[in-house]
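Everything on this sheet refers to the single structure shown next.
Residue numbers (the UniProt record's numbering): 1 to 185.
See below:
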């Protein structure tokens, strides 16, 4: 039986558990999302991000898409806000090179929805009103590059063979694995 290795965590020395960077005397203000001291997300939030199918069609007409190599498979475990944000960004940055196909696996029976808006769910009782992207968005991605599995639990990760196994017994192979399963308290 293989020896159990410690869980590696950023900034923590794996054997002793000591921090590589213990808290210092000087407090540094966080600058993520700020510009000139004003907090804003306009610099990184692209309103055009969900217009990918149209952008791909435009690039195809211009002959600017790269279809000359096999694409790598990215499996995203978790169909929540972070998983969808990752997928949107990856597809946006991959639009010309076309290096990746994406499979997202979500445990819930619904597409990604705004969990912050759950309180309003009780007013209208339609989870579809909370979807981050309409259902058509998932199937409109070019070249069949995005697939999703709902109501599917990933039960095992086999990093040696680069597969994940689901509760239904399906094995899904990957080149790159992204875990976006959220948190619980």
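By construction, the Cβ of each residue, glycine as well, lies at the ideal position given by its N, Cα and C atoms.
None of the values given here were measured: they were computed from a predicted structure.
Of the residues the options, the one placed nearest residue i, counting alpha carbons only
i           : options              : result
residue 132 : 79, 150, 162 and 160 : 79
residue 147 : 169, 153 and 137     : 137
residue 84  : 70, 134, 62 and 58   : 134
residue 70  : 155, 183 and 143     : 143
Neighbourhood of residue i by C-beta, 6 Å cutoff - its chain only, sequence neighbours within 5 removed
i           : result
residue 149 : 105
residue 151 : 109
Cβ distance (whole Å) where residue i is taken to contact residue j below 8 Å
i           : j           : result
residue 98  : residue 175 : Incorrect: roughly 14 Å between the Cβ atoms, too far for contact.
residue 145 : residue 102 : 6 Å
Alpha-carbon to alpha-carbon, residue j and residue i
i           : j           : result
residue 171 : residue 126 : 32 Å
residue 139 : residue 129 : 18 Å
residue 111 : residue 158 : 26 Å
residue 167 : residue 181 : 16 Å
residue 178 : residue 92  : 17 Å
residue 141 : residue 81  : 18 Å
residue 62  : residue 75  : 30 Å
residue 169 : residue 89  : 30 Å
residue 155 : residue 77  : 11 Å
residue 183 : residue 115 : 13 Å
Contact set for residue i: own chain, Cβ-Cβ below 8 Å, skip 5 residues either direction
i           : result
residue 94  : 100
residue 153 : 107, 166 and 167
residue 58  : none
Cutoff 7 Å; reference residue i; Cβ partners in own chain excluding five residues on either side
i           : result
residue 113 : 127, 130, 131 and 132
residue 173 : 73, 162 and 163
Subject >> Segments assigned beta strand (DSSP E), at least 3 residues, entirely inside the region 78-166 >> reply: Within the region 78-166, the complete beta strand (DSSP E) segments at least 3 residues long are 100-105, 146-149, 154-158 and 163-166, listed from N- to C-terminus.
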